[in-house]
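K.L.:
Chain order of the listed sequences is A and B.
If you count the first sequence from 1, position 68 lands on 68 in UniProt numbering, and the numbers rise without skipping.
If you count the second sequence from 1, position 439 lands on 439 in UniProt numbering, and the numbers rise without skipping.
Right, I'll just put the structure down here and ask away after.
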Amino acid sequence: MPARGLGRRSSPITLVLLVVLLIGFFLFFFSSPNDAANKLRDSTHTASNALSPPSLPFRKAKANERPPPPPVVHYHMNNVTTSRTPIENQETVLILTPLARFYQEYWDNLLSLSYPHELISLGFILPKTKEGNAATAALQAQIAKTQSGSQKKRFASITILRQDTESPLITQTETERHKIENQKARRSAMAKARNSLLFTTMGPTTSWVLWLDSDIIETPESLIQDLAAHDKPIIAPNCFQRYYDDEKKEKAVRAYDFNNWVDSPTAREMGARMGNDDILLEGYASMPTYRSLMAMMRDESQDPNIEVQLDGVGGATLLVKAEVHRDGAMFPPFAFYHLIETEGFAKMASRLGWKAWGLPNYLVYHYNE
Amino acid sequence: MLPFSTYEAEADIFSDRFQPRSHASTRRRRSNIIKTLAAAAAVLLVLYFFFPSLITGAIPVLSFGLLAGSEDFQLETVRYYDLNNVQGTARGWEREERILLCAPLRDAAPHLPMFFGHLRNLTYPHNLIDLAFLVGDSKDTTLELLNDLLVDLQKNEDSKQQFGEISILNKDFGQKVNQDVESRHGFAAQAGRRKSMAQARNWLLSAALRPTHSWVYWRDVDVETAPFTILEDLMRHNKDVIVPNVWRPLPDWLGGEQPYDLNSWQESETALALAETLDEDAVIVEGYAEYATWRPHLAYLRDPYGDPDMEMEIDGVGGVSILAKAKVFRSGVHFPAFSFEKHAETEGFGKMAKRMKFSVVGLPHYTIWHLYEPSVDDRRHMEEMENERKAKEAEEKAKKERLEKIHDQFENPSGQWDKDKTNIQDMANKDVKEVSSEDSEKKVEKQPEQPSEKKPEEQAEKKPAKKVEEEPEKKAEKKADDHTEKPQEKLSEKESTDEAYVHVLVLLYVKTNIGHRKTDKTKEGKAKIIDPLDEIPVVGKKPAAPES
Numbered sequence: 001m002p003a004r005g006l007g008r009r010s011s012p013i014t015l016v017l018l019v020v021l022l023i024g025f026f027l028f029f030f031s032s033p034n035d036a037a038n039k040l041r042d043s044t045h046t047a048s049n050a051l052s053p054p055s056l057p058f059r060k061a062k063a064n065e066r067p068p069p070p071p072v073v074h075y076h077m078n079n080v081t082t083s084r085t086p087i088e089n090q091e092t093v094l095i096l097t098p099l100a101r102f103y104q105e106y107w108d109n110l111l112s113l114s115y116p117h118e119l120i121s122l123g124f125i126l127p128k129t130k131e132g133n134a135a136t137a138a139l140q141a142q143i144a145k146t147q148s149g150s151q152k153k154r155f156a157s158i159t160i161l162r163q164d165t166e167s168p169l170i171t172q173t174e175t176e177r178h179k180i181e182n183q184k185a186r187r188s189a190m191a192k193a194r195n196s197l198l199f200t201t202m203g204p205t206t207s208w209v210l211w212l213d214s215d216i217i218e219t220p221e222s223l224i225q226d227l228a229a230h231d232k233p234i235i236a237p238n239c240f241q242r243y244y245d246d247e248k249k250e251k252a253v254r255a256y257d258f259n260n261w262v263d264s265p266t267a268r269e270m271g272a273r274m275g276n277d278d279i280l281l282e283g284y285a286s287m288p289t290y291r292s293l294m295a296m297m298r299d300e301s302q303d304p305n306i307e308v309q310l311d312g313v314g315g316a317t318l319l320v321k322a323e324v325h326r327d328g329a330m331f332p333p334f335a336f337y338h339l340i341e342t343e344g345f346a347k348m349a350s351r352l353g354w355k356a357w358g359l360p361n362y363l364v365y366h367y368n369e
Numbered sequence: 001m002l003p004f005s006t007y008e009a010e011a012d013i014f015s016d017r018f019q020p021r022s023h024a025s026t027r028r029r030r031s032n033i034i035k036t037l038a039a040a041a042a043v044l045l046v047l048y049f050f051f052p053s054l055i056t057g058a059i060p061v062l063s064f065g066l067l068a069g070s071e072d073f074q075l076e077t078v079r080y081y082d083l084n085n086v087q088g089t090a091r092g093w094e095r096e097e098r099i100l101l102c103a104p105l106r107d108a109a110p111h112l113p114m115f116f117g118h119l120r121n122l123t124y125p126h127n128l129i130d131l132a133f134l135v136g137d138s139k140d141t142t143l144e145l146l147n148d149l150l151v152d153l154q155k156n157e158d159s160k161q162q163f164g165e166i167s168i169l170n171k172d173f174g175q176k177v178n179q180d181v182e183s184r185h186g187f188a189a190q191a192g193r194r195k196s197m198a199q200a201r202n203w204l205l206s207a208a209l210r211p212t213h214s215w216v217y218w219r220d221v222d223v224e225t226a227p228f229t230i231l232e233d234l235m236r237h238n239k240d241v242i243v244p245n246v247w248r249p250l251p252d253w254l255g256g257e258q259p260y261d262l263n264s265w266q267e268s269e270t271a272l273a274l275a276e277t278l279d280e281d282a283v284i285v286e287g288y289a290e291y292a293t294w295r296p297h298l299a300y301l302r303d304p305y306g307d308p309d310m311e312m313e314i315d316g317v318g319g320v321s322i323l324a325k326a327k328v329f330r331s332g333v334h335f336p337a338f339s340f341e342k343h344a345e346t347e348g349f350g351k352m353a354k355r356m357k358f359s360v361v362g363l364p365h366y367t368i369w370h371l372y373e374p375s376v377d378d379r380r381h382m383e384e385m386e387n388e389r390k391a392k393e394a395e396e397k398a399k400k401e402r403l404e405k406i407h408d409q410f411e412n413p414s415g416q417w418d419k420d421k422t423n424i425q426d427m428a429n430k431d432v433k434e435v436s437s438e439d440s441e442k443k444v445e446k447q448p449e450q451p452s453e454k455k456p457e458e459q460a461e462k463k464p465a466k467k468v469e470e471e472p473e474k475k476a477e478k479k480a481d482d483h484t485e486k487p488q489e490k491l492s493e494k495e496s497t498d499e500a501y502v503h504v505l506v507l508l509y510v511k512t513n514i515g516h517r518k519t520d521k522t523k524e525g526k527a528k529i530i531d532p533l534d535e536i537p538v539v540g541k542k543p544a545a546p547e548s
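Right, here's the structure in full:
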């Protein structure tokens with residue numbers, strides 16, 4: 001009898017309850033439970049107003065009501081620590097990346113970092129060029145995916161900045177980019193981009209700043225913890241590149257970033273003879289500085305925790321205590337002691353009393369074009 | 001029959017639906033519901049016990065988001081900004097450009113109410129102004145008072161009066177430098193003080209600057225008078241960095257007004273040459289005699305009737321009131337807490353901005369007024385003036401008392417004098433021609449003696465009290481002063497003949513005393529004639545003789 005069947009199926013309460021229960025179950029067992037994540041998303045780690053530091057997520061205002069006046073917010077910066085044990089102390093890390101090209105490997109590596117993601121904020125700055133637009137679109141697609149995905153992988157907050165670069169170089173190929181005469185203008189523009197990114201995204205709660213270039217595609221998962229464990233104001237791992245050795249017919253690694261160095265008397269002398277606005281560059285045969293390069297100090301057989309004090313650093317991967325930047329150490333877009341950008345940054349930090357260190361045997365890998 | 005039978009048929013078909021259900025099925029259904037509910041409750045209970053934190057996460061799902069309890073679904077984590085929109089233009093208020101107002105504070109509680117008065121009066125749309133304060137190493141109630149005033153400010157019903165983001169950053173740098181006027185402005189303390197001030201400014205800026213800001217305005221809380229339209233006035237010039245002239249009012253005895261902020265200046269050849277000679281960490285601080293830089297200062301170029309829109313290119317800037325485009329700070333210009341081209345803090349800021357090719361200008365004829373806080377020297381001076389006034393009063397009082405005492409203790413000779421006079425006149429009546437001429441001669445002699453002899457007496461009174469501890473040179477000076485001052489006093493005192501008589505008596509007494517002492521000292525056995533202008537009896541050391 002059809003009527004009877006219809007009557008039985010339409011008992012709505014049971015159905016509703018079943019659905020609710022099922023959803024409840026799914027929620028409990030499939031949404032990765034994370035106590036810390038929930039605890040962190042309380043009032044100290046979120047902002048109540050859209051006008052708030054970009055390093056904090058904020059609660060959306062309801063569409064149909066007038067927002068209340070922005071509150072008076074206290075930040076106790078005496079309590080912002082930078083210690084050897086950043087996870088235990090709930091120290092927040094701001095990962096900053098000036099991005100010209102988006103590499104999927106970069107994003108995947110970022111997601112694989114084992115530092116609690118709810119303590120990580122990301123900041124990107126992209127040029128307003130055709131290439132930049134493409135990179136932005138790719139980046140935004142990945143962000144949307146991650147931030148609506150599993151709780152564990154979500155980052156605390158993400159800021160995307162766009163800016164016209166002052167001297168847009170038409171071609172960004174590797175050979176063109178490294179031409180000596182283009183270097184000063186390129187690195188000056190790069191320094192400005194870094195500074196813009198840094199000073200607008202660093203919030204009052206940030207403990208560490210990790211500079212990670214967009215072409216760094218492989219790092220150890222525990223990169224942040226490992227670098228922080230050295231408790232240095234500025235610390236850089238060695239940046240290498242994987243390649244296929246045609247002669248030996250095998251995969252191999254080679255040094256890539258030559259901006260991590262210990263100064264030499266020759267370089268200082270060269271600097272003294274230079275004009276006020278001239279800069280010294282590393283890695284060019286026409287400018288032999290005889291500095292000791294960290295890229296050349298690697299010894300596979302040695303302990304990866306060996307530290308070297310540096311006078312110049314590169315920006316490929318660099319963990320900096322936020323107080324170094326807060327004191328004013330920035331990336332000089334002009335010749336500062338004949339140094340520019342990240343190398344000038346190390347010099348400025350040392351003028352402020354902060355020393356830079358490097359780990360010659362701890363490797364991160366650069367993209368191979 | 002047909003309709004009836006049809007009805008019957010229909011009734012037969014639907015009879016089941018419209019009749020009460022059988023007890024068995026109802027019971028079965030009911031027990032089913034109860035069972036499922038119980039099971040659900042049990043599961044939830046168990047889960048709640050094992051994962052108490054999850055219950056909050058479950059609520060929105062169970063309620064289909066109607067309760068909206070979880071923040072996860074309300075949290076915005078991604079922000080997108082185009083920095084080309086926040087470059088700063090001449091008419092920012094029309095383009096809704098946001099300003100970050102920064103004020104570093106330390107022990108500033110007394111000035112806060114005045115500062116908040118200024119804030120309320122600003123004509124720039126308040127909702128476009130974000131406020132950021134850094135409170136550090138304060139020993140007074142700055143933090144509490146600041147919080148109360150800010151909460152009050154935001155309570156304003158009018159949403160146009162409410163400010164934007166408000167942050168109070170609390171950071172102690174553990175500075176040893178005192179904040180009182182002397183230690184703040186002493187030359188030796190300057191370099192260190194400027195560096196730590198720079199550090200505070202950088203911490204404040206780096207924590208408060210957002211991608212939404214087009215402008216940054218630095219303002220000291222101890223500005224007493226400034227136009228309400230200052231933000232628009234400075235903005236209209238459309239410069240990267242711009243400062244007004246800063247003066248301060250002074251008490252009348254100091255000249256009424258004075259240039260205050262000497263850190264806004266144009267570079268000079270002398271200063272550049274000087275900088276070359278200095279050590280890497282040396283800091284040139286403007287406004288101190290230690291470094292003669294011969295730089296043209298914005299402050300000294302002020303003309304009260306000059307065009308307030310006149311601009312002047314400068315290299316160093318003062319920090320009392322700086323309006324800068326946010327892009328200046330974004331590109332990395334900051335307040336060097338180290339010696340940058342031999343300058344630190346705001347002066348170094350100006351230098352660095354110039355180095356990055358930003359425009360840095362000052363407005364010589366657009367003036368704001370800094371609060372006048374008496375310096376230690378001024379305080380000392382004021383105290384001195386006050387003491388002098390008191391001493392003078394005390395002296396006058398003492399003199400009056402002494403006069404009265406003398407009046408009481410010595411009998412007034414004028415009665416006797418009159419008596420004698422009449423006697424003499426009586427006698428004169430007898431010897432008319434001779435005696436009357438003699439009497440007149442005596443009087444004439446007596447009068448001129450008076451002024452010259454009065455001096456030692458007065459100085460004898462004054463000196464022991466005041467000058468004992470002073471250095472010899474100063475004494476000599478004072479003496480010279482006394483010489484010039486005295487005659488006027490004498491003239492006025494001469495008016496009363498009564499007093500004059502008393503003086504004569506006292507003088508005679510004093511004079512004998514001096515003479516006595518002098519002879520003792522010289523031990524020559526004979527009395528010396530004392531020149532009252534030279535030899536002044538002083539307790540303690542004898543002053544060096546003046547050159548004359």
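Using N, Cα and C, we set each Cβ at its ideal position, and we do this for glycine too.
So the candidates are A:L293, A:V364, A:I234, A:A185; which of them puts its Cα closest to the Cα of A:E341?
P.N.:
Here residue 341 of chain A refers to the residue found at position 341 when the first sequence is read from its first residue. If we check each option's Cα against that of A:E341, A:A185 comes out closest.
K.L.:
Is the Cβ-Cβ distance between A:P57 and A:T46 less than 8 angstroms?
P.N.:
The sequence position of residue 57 of chain A within the first sequence is 57, counting from 1. The sequence position of residue 46 of chain A within the first sequence is 46, counting from 1. A contact, by the Cβ cut-off of 8 angstroms.
K.L.:
At 4 residues or longer, and completely inside the region 104-172 of chain A: list those alpha helix (DSSP H) runs for me, N to C.
P.N.:
Listed in chain order, they are 104-111, 130-147.
K.L.:
Threshold first: 4 residues or longer. Then list the alpha helix (DSSP H) segments lying entirely within the region 301-350 of chain B, N to C.
P.N.:
Qualifying alpha helix (DSSP H) stretches, in chain order: 326-330.
K.L.:
How big is the Cα-Cα spacing for A:A349 and A:V313?
P.N.:
Indexing the first sequence from 1 puts residue 349 of chain A at position 349. Indexing the first sequence from 1 puts residue 313 of chain A at position 313. Distance between the alpha carbons of A:A349 and A:V313 is about 11 angstroms.
K.L.:
Whose Cβ in chain B lies nearer than 7 angstroms to the Cβ of A:R351?
P.N.:
Start at 1 with the first residue of the first sequence, and residue 351 of chain A comes out as number 351. The answer, in chain order, is F338.
K.L.:
What is the DSSP secondary structure of B:E415, reduced to helix, strand or coil?
P.N.:
Taking the second sequence and counting its residues from 1, the one referred to as residue 415 of chain B is at position 415. Note that residue 415 of chain B is Gly in the sequence shown here, rather than Glu. Helix, per DSSP.
K.L.:
Residues in the same chain with beta-carbon distance under 6 angstroms from A:I160, minus the five sequence neighbours each way, listed in chain order, please.
P.N.:
Walking along the first sequence from the start, residue 160 of chain A turns up at place 160. Closer than 6 angstroms at Cβ, skipping near neighbours: F124.
K.L.:
Report the neighbours of B:N32 on chain A: residues whose CB is nearer than 7 angstroms to its CB, in chain order.
P.N.:
Taking the second sequence and counting its residues from 1, the one referred to as residue 32 of chain B is at position 32. The answer, in chain order, is T14.
K.L.:
May I ask you to report which of helix, strand or coil DSSP gives A:T97?
P.N.:
As a position in the first sequence, residue 97 of chain A is number 97, starting the count at 1. Three-state result, A:T97: strand.
K.L.:
Looking only at its chain, what residues have a beta carbon closer than 8 angstroms to the beta carbon of A:E218, apart from the 5 residues adjacent to it on each side?
P.N.:
Taking the first residue of the first sequence as position 1, residue 218 of chain A is located at position 218. Around A:E218: E105, N109, R242, V364, Y365.
K.L.:
Where A:P332 and A:P86 are concerned, what is the direct C-alpha to C-alpha distance, given to the nearest angstrom?
P.N.:
Position 332 of the first sequence, counting from 1, holds the residue named residue 332 of chain A. Position 86 of the first sequence, counting from 1, holds the residue named residue 86 of chain A. So the alpha carbons of these two residues sit roughly 29 angstroms apart.
K.L.:
Within 8 angstroms (strictly less), CB to CB, does A:L40 reach chain B?
P.N.:
Within the first sequence, numbered from 1, the residue matching residue 40 of chain A stands at position 40. With a pLDDT of 43 at A:L40, under the threshold of 50, the modelled position of that residue is not reliable, and no figure is offered here.
K.L.:
Do B:L105 and B:S138 count as a contact pair if the criterion is CB distance below 8 angstroms?
P.N.:
Numbered from its first residue, the second sequence carries residue 138 of chain B at position 138. Numbered from its first residue, the second sequence carries residue 105 of chain B at position 105. Yes, Cβ-Cβ distance for B:S138 and B:L105 is below 8 angstroms.
K.L.:
Would you mind working out which of A:T14, A:H117, A:D303, A:N361 sits nearest A:I158, comparing C-alpha positions?
P.N.:
As a first step, residue 158 of chain A must be located in the first sequence, where it is residue number 158. Out of A:T14, A:H117, A:D303, A:N361, A:H117 has the C-alpha closest to the C-alpha of A:I158.
K.L.:
Does DSSP put B:V361 in a helix, a strand or coil?
P.N.:
The count along the second sequence starts at 1 and reaches residue 361 of chain B at position 361. Residue state, collapsed to three classes: strand.
K.L.:
Answer yes or no: does any C-beta atom of chain B fall closer than 8 angstroms to that of A:L17?
P.N.:
By one-based count along the first sequence, residue 17 of chain A stands at place 17. It does; some Cβ of chain B falls within 8 angstroms.
K.L.:
When DSSP labels each residue in this structure, what does B:V285 get in the three-state scheme?
P.N.:
In the second sequence, the residue the question calls residue 285 of chain B occupies position 285. In the structure shown, B:V285 sits in coil (DSSP, three-state: anything other than H, G, I, E or B).
K.L.:
What in chain A is Cβ-close to B:L75, meaning under 8 angstroms?
P.N.:
For the purposes of this step, residue 75 of chain B is taken as residue 75 along the second sequence, with counting starting at 1. Per Cβ cutoff of 8 angstroms: R41, T46, P57, F58, R59, K60.
K.L.:
With a threshold of 8 angstroms between beta-carbons, can A:P54 be considered close to chain B, or not?
P.N.:
Here residue 54 of chain A corresponds to residue number 54 of the first sequence, with the count starting at 1. So, interface residue.
K.L.:
How long is the line joining the alpha carbons of A:G149 and B:V221, rounded to whole angstroms?
P.N.:
Counting from 1 along the first sequence, the entry for residue 149 of chain A is found at position 149. Counting from 1 along the second sequence, the entry for residue 221 of chain B is found at position 221. Whole-angstrom Cα-Cα distance: 48 angstroms.
K.L.:
Cβ of B:E144 less than 8 angstroms from any chain A Cβ?
P.N.:
Taking the first residue of the second sequence as 1, we reach residue 144 of chain B at position 144. It does not: the Cβ of B:E144 has no partner Cβ on chain A nearer than 8 angstroms.
K.L.:
State the Cα-Cα distance for the pair B:Y124 and A:P68, rounded to the nearest angstrom.
P.N.:
What you label residue 124 of chain B is simply residue 124 of the second sequence in a count that begins at 1. What you label residue 68 of chain A is simply residue 68 of the first sequence in a count that begins at 1. Answer to the nearest angstrom: the Cα atoms are 20 angstroms apart.
K.L.:
Name the chain B residues that come within less than 7 angstroms of A:S200, Cβ to Cβ?
P.N.:
Translated into positions along the first sequence, residue 200 of chain A becomes position 200. A small correction: the amino acid at residue 200 of chain A is Thr; Ser does not occupy that position in the sequence shown. Within chain B, the residues near A:T200 are L209, R210, P211, R330.
K.L.:
Bridge partners for B:P245 per DSSP, in chain order?
P.N.:
As a position in the second sequence, residue 245 of chain B is number 245, starting the count at 1. What sits at residue 245 of chain B in the sequence shown is Asn, not Pro. Per DSSP, B:T367.
K.L.:
Taking Cβ to Cβ, would you say B:R302 is nearer than 8 angstroms to B:E267?
P.N.:
If you number the second sequence from 1, residue 302 of chain B lands on position 302. If you number the second sequence from 1, residue 267 of chain B lands on position 267. Not a contact, by the Cβ cut-off of 8 angstroms.
K.L.:
Keeping to the same chain, check which residues put their C-beta closer than 7 angstroms to that of B:D107; ignore five residues upstream and five downstream.
P.N.:
As a first step, residue 107 of chain B must be located in the second sequence, where it is residue number 107. Around B:D107: S138, K139, D140, T142, Q179.
K.L.:
Would you report the Cα separation of B:L321 and B:K327, rounded to the nearest angstrom?
P.N.:
Here residue 321 of chain B corresponds to residue number 321 of the second sequence, with the count starting at 1. Here residue 327 of chain B corresponds to residue number 327 of the second sequence, with the count starting at 1. The residue you asked about is not Leu; residue 321 of chain B is Ser in the sequence shown. Cα to Cα, the separation comes out at about 18 angstroms.
K.L.:
Name the two residues that bound the continuous alpha helix (DSSP H) containing A:D245.
P.N.:
Along the first sequence, one-based indexing puts residue 245 of chain A at 245. No alpha helix (DSSP H) contains A:D245, which is instead part of the beta strand (DSSP E) from 234-245.
K.L.:
Please identify the residue among A:I13, A:A356, A:N368 whose C-alpha is closest to the C-alpha of A:K232.
P.N.:
The count along the first sequence starts at 1 and reaches residue 232 of chain A at position 232. Here the closest residue by C-alpha is A:A356.
K.L.:
Please list the terminal residues of the continuous beta strand (DSSP E) segment that includes A:I207.
P.N.:
On the first sequence, position 207 is the one that residue 207 of chain A refers to. One detail in the question is off: residue 207 of chain A reads as Ser in this sequence, not Ile. Looking at the DSSP string, the run of the beta strand (DSSP E) that includes A:S207 is 206-212.
K.L.:
If we count Cβ pairs, one from each stretch, closer than 8 angstroms, do we get three or more for the region 196-204 of chain A versus the region 296-304 of chain A?
P.N.:
Contact between the region 196-204 of chain A and the region 296-304 of chain A is absent, because fewer than three Cβ pairs lie under 8 angstroms.
K.L.:
Less than 6 angstroms between C-beta atoms, sequence neighbours within five positions excluded: which residues of the same chain meet that for A:E269?
P.N.:
Within the first sequence, numbered from 1, the residue matching residue 269 of chain A stands at position 269. Same-chain partners within the cutoff: there are none.
K.L.:
Rounded to a whole number of angstroms, what is the C-alpha to C-alpha distance between A:A236 and A:D215?
P.N.:
Here residue 236 of chain A refers to the residue found at position 236 of the first sequence. Here residue 215 of chain A refers to the residue found at position 215 of the first sequence. Distance between the alpha carbons of A:A236 and A:D215 is about 16 angstroms.
K.L.:
Taking only three categories from DSSP, how would you classify A:H74?
P.N.:
The residue you call residue 74 of chain A lines up with position 74 of the first sequence. Correct three-state label for A:H74: strand.
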